[in-house]
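What follows is one structure encoded as structure tokens, with my remarks underneath.
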Amino acid sequence: MPQSEHDKKLFELRFERSRSDLFDMLDALYGQLPSYAAFCEALAGVMAKAWADRPEDLKWLDMRRDLSPDWFQRPEMIGYVFYIDRFAGDLKGVLEKLDYLESLGVTYVHFMPCLKPRPGDSDGGYSVMDYRAINPGYGTMADFEGVAAAFRSRGISICIDLVLNHTAKEHAWAEAARKGDAEKRDYYLLFDDRKLPDQYEETLHEVFPDTAPGNFTFDKTMKKWVWTSFNTHQWDLNWANPKVFLEIAEVMLFLANKGVDVLRLDAVAFMWKRLGTRCQSEPEVHMILQALRAVSRIVCPAVLHLEEAIVGPAEMLPYLGRGRHDGKEGNLAYHNSLMVQFWSSLASRDTGMMTHVMNSHFPEVLTNATYANYIRCHDDIGWAITKADAEAVGLSDTAHRAFLSDFYEGLFPGSFARGELFGFNPETGDKRMSGSLASLAGLERAIETGDKVAIDRAVERIIMGHALIAGFSGIPLIYMGDEIATLNDESYRDDPDKRHDSRWIHRPAMDWETVARVGRKDDGSPEARVFHGVRLILERRRATPELHAAYPLRILRSPHPGLLTFVHEAPTGPLLCAFNFTENELALPGSWVLLQGAEGFHDALSDAPLRLVDGNIAMKPYESLWIR
Ligand code: GLC
59 MPQSEHDKKL
69 FELRFERSRS
79 DLFDMLDALY
89 GQLPSYAAFC
99 EALAGVMAKA
109 WADRPEDLKW
119 LDMRRDLSPD
129 WFQRPEMIGY
139 VFYIDRFAGD
149 LKGVLEKLDY
159 LESLGVTYVH
169 FMPCLKPRPG
179 DSDGGYSVMD
189 YRAINPGYGT
199 MADFEGVAAA
209 FRSRGISICI
219 DLVLNHTAKE
229 HAWAEAARKG
239 DAEKRDYYLL
249 FDDRKLPDQY
259 EETLHEVFPD
269 TAPGNFTFDK
279 TMKKWVWTSF
289 NTHQWDLNWA
299 NPKVFLEIAE
309 VMLFLANKGV
319 DVLRLDAVAF
329 MWKRLGTRCQ
339 SEPEVHMILQ
349 ALRAVSRIVC
359 PAVLHLEEAI
369 VGPAEMLPYL
379 GRGRHDGKEG
389 NLAYHNSLMV
399 QFWSSLASRD
409 TGMMTHVMNS
419 HFPEVLTNAT
429 YANYIRCHDD
439 IGWAITKADA
449 EAVGLSDTAH
459 RAFLSDFYEG
469 LFPGSFARGE
479 LFGFNPETGD
489 KRMSGSLASL
499 AGLERAIETG
509 DKVAIDRAVE
519 RIIMGHALIA
529 GFSGIPLIYM
539 GDEIATLNDE
549 SYRDDPDKRH
559 DSRWIHRPAM
569 DWETVARVGR
579 KDDGSPEARV
589 FHGVRLILER
599 RRATPELHAA
609 YPLRILRSPH
619 PGLLTFVHEA
629 PTGPLLCAFN
639 FTENELALPG
649 SWVLLQGAEG
659 FHDALSDAPL
669 RLVDGNIAMK
679 PYESLWIR
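Numbered per my numbering, the sequence shown spans residues 59 to 686.
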């Protein structure tokens, strides 16, 4: 389509806006290479072409979002995460679930990996063999475009995964490399012998120590060692090669033009390698991500970048852009610490470390960025607790991590949880954890024993988890089934492609029968209580403008070790959020609440006045309050 003068001008303006964000990074990354000038020219061509191809309605969306850049920070944003096959069979089936999602108030959905994966075990779809095709089991790219348009018309944004660190070994680039194509060999990190790999291994960690130990895999055809940080079938890309940047930028814009709103950039921490380091979160990783962000801001500013870096608190923040690139790297990043600390506080009935971590690593306000908040997701939980953070509250990090693993595996005396070990590393003693929200929060055990009080407590813990992510700054992400308290599912053990990976225990198919049952009425069952509890929380979130993520969020020192408290400093007045992480009733002194700036005692979560007894607000076990 010939471009209008207006479109050309708009592109130029956006190019001007991000020129230095883009080229300063590229100069530093690739400027020394003889091919640099040709690379820059090719990149400019890719961007101009993608802009010319961008559908008219998406150009309007670009304009809309450029004019309201806080669109994703608003309390109306509510996310839901699902596997297409496990939620609805295929893409056409997803359309039939639109009403359900809308009834929950969802405005953002993450379709778990949906690009064409390698056959057989594909790490849940994260081993991609074609970035330009949809998983044939789900439908076609045309189906995807249709679904994206339908969701868009209902005000729901779509997030999909773009795996940046690796491709499947069956990807066309890898196939060509195996056949001897020298250019494509340079897309990956290949070694003739073990000399360098051994040197790197000295400081590298293992992602899947039990099922894919080591970081290199020998390829018999090429007779070379291939860098494989994750599984042996996932070949790490060589981001020091500008051709890789160019290819991925093109793919990114291709997907944006199909109607993707949010690109979840997978496993980004691992993208740059440096001898003598863990090869995670190296400065070049941020330079690449900032440059990719600049590319999107020029061609498709409607699109957000969600960076998946599951790292410790201090390491995570730069993924939201810091310093010169404040607000110009990831618009979203997973708040892994909030999730880890939730489970830690729940086990220990003490929020001391949580308060310390949130206070010492995270700023009160973020520019043009916010957190993707979750309590559970499709992955395991790694206990990302540093020595310094544990010691700051008088704990030993190793002992506390061991306690958490034992607690959530259900081994620790008095534990309510039922989880499954993941990624046990006998060398470091590191143990990660799989399990659904409901099972980890105690519902599975409680139902088995039939203990009514234990069931109540488990339901309350689940609901508090939902209230926490809905009441924090950012987009709450509900993982499919967690709104109906789905329990662990052992059936993955019967599937030879899955049995080695306990993460499948918390990835069962959606239980639509339960949805239908609890949707009809609250029959008092745990699933119904959770479902109606979640619905109410989300409804109240939408009605609570103080939760806008552009307002500062200040973590408070609580009057009781079992309470987590923070305040949203909204211009209309503060909103004080309090969460009781214990099974006991706790007294929240009314005078303390007033000292934090609250002007009254109205709970925005239940939309009811709070009753003071002897000057205290009595908080029930695991109760959440959003005091206005
Ligand atoms: C991300 C995904 C995880 C996957 C890994 C490798 O961490 O969330 O499921 O195994 O990347 O692609």
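Even glycine gets a Cβ: it sits at the ideal position worked out from N, Cα and C.
Alpha helix (DSSP H) segment containing W293, residue limits: That residue, W293, is in no alpha helix (DSSP H); its beta strand (DSSP E) goes 292 to 294.
Per-residue DSSP class, three states only, for M677: strand
Q338 versus G151, F288, L469, residue with shortest Cα-Cα distance: F288
Own chain residues within Cβ distance below 8 angstroms of G468, not counting five before or after: A475, R476, G477, R503
For K174, the three-state DSSP class (helix, strand or coil): strand
Pick from I513, T544, F420, G440 that is closest to F530, judged by C-alpha positions: F420
Exercise answer, beta-carbon shell around the ligand GLC heavy atoms below 5 angstroms: The answer, residue by residue, is D181, Y184, F288, D324, A325, D437.
Selection from Y196, P584, E134 that minimises the alpha carbon distance to H606: E134
Stretch pair the region 364 to 378 + the region 320 to 331: three plus CB contacts closer than 8 angstroms: yes
Buried versus exposed call for P127 [16 or more other C-beta atoms within 10 Å across all chains shown]: exposed
Beta-carbon spacing of M397, I433 below 9 angstroms: Note that the C-beta distance between M397 and I433 is below 9 angstroms.
Backbone secondary structure at I563 - three-state DSSP: Looking at I563 - three-state DSSP - the assignment turns out to be helix.
Member of R332, R351, H64 whose CA lies at the smallest distance from the CA of E308: R351
Three-state secondary structure (DSSP) of R688: The structure shown does not extend to residue 688, since the chain spans only 59 to 686, so no value can be given for it.
Own chain residues within Cβ distance below 8 angstroms of V361, not counting five before or after: A314, V318, D319, V320, L321, S354
Short Cβ contact (9 angstroms threshold) for W401 with L248: In this structure, L248 does not lie closer than 9 angstroms to W401 by Cβ.
Chain-order list of residues whose beta-carbon lies under 6 angstroms from that of P566 (same chain, five-residue window excluded): D547
Residues sharing a beta bridge with D277, DSSP: K282
From R669, A496, L149, residue whose alpha carbon lies closest to that of P584: A496
Ordered list of alpha helix (DSSP H) runs contained in the region 204 to 236, each at least 4 residues: Complete alpha helix (DSSP H) runs here, min 4: 230 to 236.
Neighbourhood of L633 by C-beta distance below 8 angstroms, restricted to the same chain and skipping five residues each side: T602, E604, L605, V625, H626, A662, W684, I685, R686
Option nearest S215 by Cα separation, candidates R578, L116, A96: L116
Buried or exposed (CB count within 10 angstroms, at least 16 for buried), T335: exposed
M345 to L304 span [Cα, whole Å]: 14 angstroms
Any non-hydrogen atom of the ligand GTP within 8 angstroms of T409 CB: Inclusion of the ligand GTP in the displayed structure is not the case, the ligand content consisting of the ligand GLC alone.
Spatial neighbours of L159 in its chain, beta-carbon cut-off 8 angstroms, leaving aside the 5 residues before and after: Y138, V167, I214
Selected residue, minimal CA-CA separation from A543, among A427, P271, S494: S494
Alpha-carbon to alpha-carbon, I521 and L501: 12 angstroms
Local Cβ density within 10 Å of P300, reported as buried at 16 or more and exposed below that: buried
Residues near V451 in its chain [Cβ-Cβ closer than 6 angstroms; skip 5 each side]: G410, M411, H414
Burial state of E449, where buried means 16 or more other Cβ atoms lie within 10 Å: The residue in question, E449, is exposed, as its Cβ has fewer than 16 Cβ neighbours within 10 Å.
Residues near C635 in its chain [Cβ-Cβ closer than 6 angstroms; skip 5 each side]: G529, F624, W684
Q131 versus A207 - alpha carbon distance: The straight-line gap from Cα to Cα measures roughly 22 angstroms.
H291 versus P175 - alpha carbon distance: 11 angstroms
The region 186 to 196 / the region 554 to 561 touching (three or more Cβ pairs under 8 angstroms): Verdict: no, contact absent.
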